[in-house]
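Report on the structure given below.
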Amino acid sequence: MATTLGFHIILACLGIALPTVVLIAEFIGLRRSDEVALRLARRWSQAMGVLVAVGAVTGTVLSFEMGLLWPGLMRRYGAVLGLPFGVEGLFFFLEAIFTAIYLYGWRRLPGWAHWWTGVPNAISGVLGAMSVIAVNSWMNQPGGFTERGGRILSVNPWQVYFNHAAIYQMPHMILAAYMVTGFTVAAVYAAGILRGRRDRYHYTGFAIPFATAAVLTPFQIFVGDTAARSIAADQPVKFASMEYVAHTSRHVPEWLGGVYAGGHIWAGLKIPDLDSLLVGFGPGTRVTGWDTVPPAQRPPVVWLIHLCFDVMVGLGFLLLLAGLWALVVWWRRRRLPRHGLFWLLGAVSGVAAIVAMECGWVVTEVGRQPWVVYRLQTTTAAATANGGVLTSLSLIIAGYAVLGAATIIILRALARRWRRGDALETEVPYGPPPPVPPPSRPRARASGRAERVSR
Amino acid sequence: MIADAVGAILLATITLYAVLGGADFGGGLWDLLAGGDGRGQAPRQLIDESITPVWEANHVWLVFALVIFWTGFPGAFAAVMSAVALPIWLAVGGVVLRGAGFAFRKEVRGITLQRAAGATFAFSSLLTPFFMGTVIGALAAGQIPAGASRAILPAWTGATSLLIGFLFVGACGYLAAVYLIGEAAGRGDRGLETYFTRRAQAAGLVTGALSLAILAELHGSDPALFRHLTGRALPLVIIAAVTGVAVVALLTAGRKRGARPLAALGVAAVIWGWGVAQYPTLLPGTPVTLSNAGAPHTTLVALVVLFVAVVLIVGPSFGLLLALQGRQVLRHEGGEIALAPGGAGPRAAGRGHAPGRPGPGSRAAAFGLVAIGALARALTGRLRR
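Just so you know, the protein sequences line up as chains A and B, in that order. Just add 1006 to wherever you are in the first sequence, counting from 1, and you've got our numbering. Just add 683 to wherever you are in the second sequence, counting from 1, and you've got our numbering.
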């Protein structure tokens, strides 16, 4: 399950945010009659087609796995957490339908009409993501239902959907999706620029997604900070694991890095009072430690949670730095930075964003252990009793390795084809139609701009 | 009462998935049987073009059915997922391989790789409906205990389950072939039209024979279900039989009009016949019924509301997709294969609409979407006041 999720989450991010990035590029292209931006939008939408197909498949697998791997969870709480999933299904539909219209509408629909067919895509991506995050945050902060003797008596859908944790988890994850998408797409072009392809195509391909992601980074850091403070209040044991707070106390130091083993923290940098300061804006703030619950109710690998948290925060600030660099240079010189280090930073920003997101996901999931539904159901009780979990797990991992490799190979093949500049794009599935002039085209002039670009 | 409504919704989504998504699987079956690279090139191309734009949207019905099942009837869902985990895993594997094989086939270069990806797509299109069929078979035959927490191998390897597995494959092939006749006709390809007519007839006969075999098998193994099938579900069984015969007869007479909706209706009648025969039990052979397995009242109400929302929002969107395809606006890969039993097919293009210009269908769909938006706005405005 974790493997599928870990893989699907990357695709989900791209599915949530890529439509928006494509729409921004197409908007600029249509508005300024910018051929480069239009070509980028078209090519990105082709990649989007491949990613949506793989995402649809892994999403289906996930919904089956909910039952196959977590029958205990579904038996007990299916009636509660199923509702947000149902809402997600609605948006999944819209995404599948409008992705098809958008991808096939290139050149056939008038320019702006085509742009508008992409809008439901971007909206349903965000709303669908909200629904899935509603489930996850509900697992962190279950509520909105009454239960007696293991049977759900009543459910309040609103409280399930907008639970305590949803308020900070939804913006945090959606912003993460935009950052992952923006930086990943930008990184591809930064890598191209590092290799000497310094043309307008590459600069535009970098600038649009990079700007989108970089603008959101400070907001993300703010939301993340708020989230951490809420976790300190709502899920103190998770927070204690994130920050190595063994005992409830005041003047808690902040640990940067370091491995916790046998009651000691090795090789960590200690900043006195900072953790208390961050939690309650005062060095004397009391922070709850994990000693408030018996050992059986603490997460298993504390050092993993802490390091993942540190890596996530550190990478977040690195990405902020990259954005600030570009902003300063843009402000003073009206152009992108020329320094090689900036482009190196740009080229690793995609990986950095993905790693940061996966780390954040580890923090929230491992940090909740041993619970699957916080303080209500343990992971052991939720998991399947069927044997062969290890077998199926290794099969899944192998399968996803192949699927992931195939996806990357195919995207690279697409990129190679684009670089050669030959019009093989016609053979891309979900790609725009081949440049065969249809017999009669009453609105040819309206879509003429897109037409010229594609030839 | 409300549990019955959710049960009906579940059956409706299953029907939609079977009628729309099933044909996509059937396409894979015909792809598999199309022969060598040279001979099979034309039918493969048609299948490919027909499935490409719609399979994802069709596929969502499966996800939606799953969500309704686990939200509406969580206990039964957990029991099914535990007891017949193996065939479900195999079907899931098939779903992955099919989607990936299909999406990657046109991306890879070189005939060997293309063949490998194509074979993956085709084989998994065969296996997935088969294993899904065995799961439904195990359910219908009352092989799933209410409290199942472990996999039960004999649950889905009985004669009924296996026969229903084969029936699923046959029905998918039948639907796909009937839809593909229309696709070929829309392109004016007489050769392919005949090609798929013959296959539709064969698949129709095989599917009919399998249905009779299942009825005979049930007569011996599951008298209760048989009694209901020939009792209160009899009208639906008759509809299924009549439509099946009618489609084969129509095709033999060389008339293609009406074959699509009839074929879809026949498959729908089989599914609803099963539902009616089994009603009100959810897991036959156990005391689990729709009403006592149901989730709390609010959850069920929310599911009904959600389904209405899906019908209102997704319906016009599907209509828009369909209408745009019908006007050949999205017509590179053609195909509204799995979309248009009785809907605006390629025929509509011949009715004098210039391709690229939104016709009445897409206008109506767009209008529907706008109307829903306005309605939602008015409602939220009222709520705020």
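All residues carry an ideal CB built from backbone N, CA and C; glycine is no exception.
Hey, is residue i's beta-carbon within less than 7 Å of any beta-carbon in chain B?
i, result
"A:Arg1113", "no"
"A:Phe1099", "yes"
"A:Leu1024", "no"
"A:Ile1107", "yes"
"A:Val988", "The structure shown does not extend to residue 988 of chain A, since chain A is modelled only from 1007 to 1461, so the question has no answer here."
"A:Phe1091", "yes"
"A:Tyr1110", "yes"
"A:Arg1081", "yes"
"A:Leu1409", "yes"
Does residue i have its Cβ less than 7 Å from a Cβ in chain A?
i, result
"B:Met684", "no"
"B:Val971", "no"
"B:Val775", "yes"
"B:Trp839", "no"
"B:Ser894", "no"
"B:Ser1000", "yes"
"B:Gly758", "yes"
"B:Ser733", "no"
"B:Val965", "With the sequence shown as reference, residue 965 of chain B is identified as Leu, and Val is not the correct amino acid for it. Taking Cβ atoms only, chain A never reaches closer than 7 Å to B:Leu965, which makes this a no."
"B:Ala701", "no"
"B:Phe708", "no"
"B:Val778", "yes"
"B:Ala860", "no"
"B:Leu989", "yes"
"B:Trp713", "no"
"B:Phe747", "yes"
Could you spell out the range, first to last residue, of the beta strand (DSSP E) harbouring residue i?
i, result
"A:Val1378", "1377-1379"
Under 7 Å between the Cβ atoms of residue i and residue j?
i, j, result
"B:Leu986", "B:Ala976", "no"
"A:Ile1462", "B:Ala740", "One cannot answer for residue 1462 of chain A here, as it falls past the ends of chain A, which runs 1007 to 1461."
"B:Glu879", "B:Ile864", "The sequence given here has Phe at residue 879 of chain B, not Glu. Yes."
"A:Gly1061", "A:Glu1094", "no"
"A:Gly1078", "A:Ala1302", "no"
"A:Ala1197", "A:Ala1353", "yes"
"B:Val861", "B:Ala838", "no"
"B:Val767", "B:Val818", "yes"
"A:Pro1215", "A:Val1027", "yes"
"A:Pro1090", "A:Tyr1380", "no"
"B:Leu858", "B:Gly705", "yes"
"B:Pro963", "B:Thr972", "yes"
"B:Gly758", "A:Arg1422", "no"
Which residues mark the beginning and the end of the alpha helix (DSSP H) in which residue i is found?
i, result
"B:Pro812", "794-823"
"B:Phe756", "It is not in any alpha helix (DSSP H) - B:Phe756 carries neither H nor E in the DSSP assignment."
"B:Asp707", "705-715"
"A:Arg1114", "It is not in any alpha helix (DSSP H) - A:Arg1114 carries neither H nor E in the DSSP assignment."
"B:Arg722", "Looking at the DSSP string, B:Arg722 is not in any alpha helix (DSSP H), and its letter there is neither H nor E."
"A:Phe1070", "1041-1075"
"B:Ser904", "873-904"
"B:Tyr862", "842-869"
"B:Ile697", "685-699"
"A:Arg1038", "Careful: A:Arg1038 lies outside any alpha helix (DSSP H) and carries neither H nor E."
"B:Ser1075", "Limits of chain B in this structure are 684 at one end and 1068 at the other, which puts residue 1075 of chain B out of reach."
"B:Ile771", "768-788"
"B:Thr969", "Counting along the chain, B:Thr969 falls outside any alpha helix (DSSP H), and DSSP gives it neither H nor E."
"A:Thr1386", "1385-1388"
Establish whether the CB of residue i and some CB of chain E are separated by less than 7 Å.
i, result
"B:Val750", "The chain inventory of the structure shown lacks chain E, comprising the protein chains A and B."
Continuous beta strand (DSSP E) assignments of at least 3 residues falling wholly in the segment 1127-1212 of chain A: 1151-1154, 1157-1161
Whole beta strand (DSSP E) elements within the segment 1237-1284 of chain A, 3-residue minimum: Counting only runs of 3 or more, we get 1260-1267, 1270-1277.
Whole runs of the alpha helix (DSSP H) within the segment 916-960 of chain B, excluding any shorter than 4 residues: The alpha helix (DSSP H) runs of length 4 or more contained entirely in the segment 916-960 of chain B are, from start to end of the chain, 917-935.
At least three beta-carbon pairs within less than 8 Å, the segment 1120-1135 of chain A to the segment 1158-1166 of chain A: The segment 1120-1135 of chain A is not in contact with the segment 1158-1166 of chain A.
The segment 694-713 of chain B contacting the segment 1032-1042 of chain A, beta-carbon criterion three pairs below 8 Å: no
contact_flag[the segment 1168-1186 of chain A, the segment 1138-1157 of chain A] where n(CB pairs < 8 Å) is 3 or more: yes
Validate contact between the segment 721-731 of chain B and the segment 864-873 of chain B using beta carbons, cut 8 Å, 3 pairs: yes
Sufficient close CB pairs (3 or more, under 8 Å) joining the segment 1061-1079 of chain A to the segment 1022-1030 of chain A: Contact between the segment 1061-1079 of chain A and the segment 1022-1030 of chain A is absent: fewer than 3 CB-CB pairs across the two stretches fall below 8 Å.
Segments assigned alpha helix (DSSP H), at least 4 residues, entirely inside the segment 1315-1372 of chain A: 1346-1372
Cβ contact check for the segment 801-815 of chain B and the segment 771-782 of chain B: 3 or more pairs under 8 Å: Yes, they touch.
At least 3 beta-carbon pairs within less than 8 Å: the segment 938-947 of chain B vs the segment 910-919 of chain B: No, they do not touch.
Three CB pairs or more closer than 8 Å across the segment 1258-1274 of chain A and the segment 1329-1338 of chain A: Inter-segment contact for the segment 1258-1274 of chain A and the segment 1329-1338 of chain A is absent: fewer than three beta-carbon pairs are separated by less than 8 Å.
Cβ contact (3+ pairs, closer than 8 Å) linking the segment 1223-1230 of chain A and the segment 1245-1253 of chain A: Contact between the segment 1223-1230 of chain A and the segment 1245-1253 of chain A is absent, with fewer than three C-beta pairs closer than 8 Å.
Segment contact flag, the segment 1298-1314 of chain A with the segment 1364-1378 of chain A, C-beta cutoff 8 Å, min 3 pairs: A contact exists between the segment 1298-1314 of chain A and the segment 1364-1378 of chain A.
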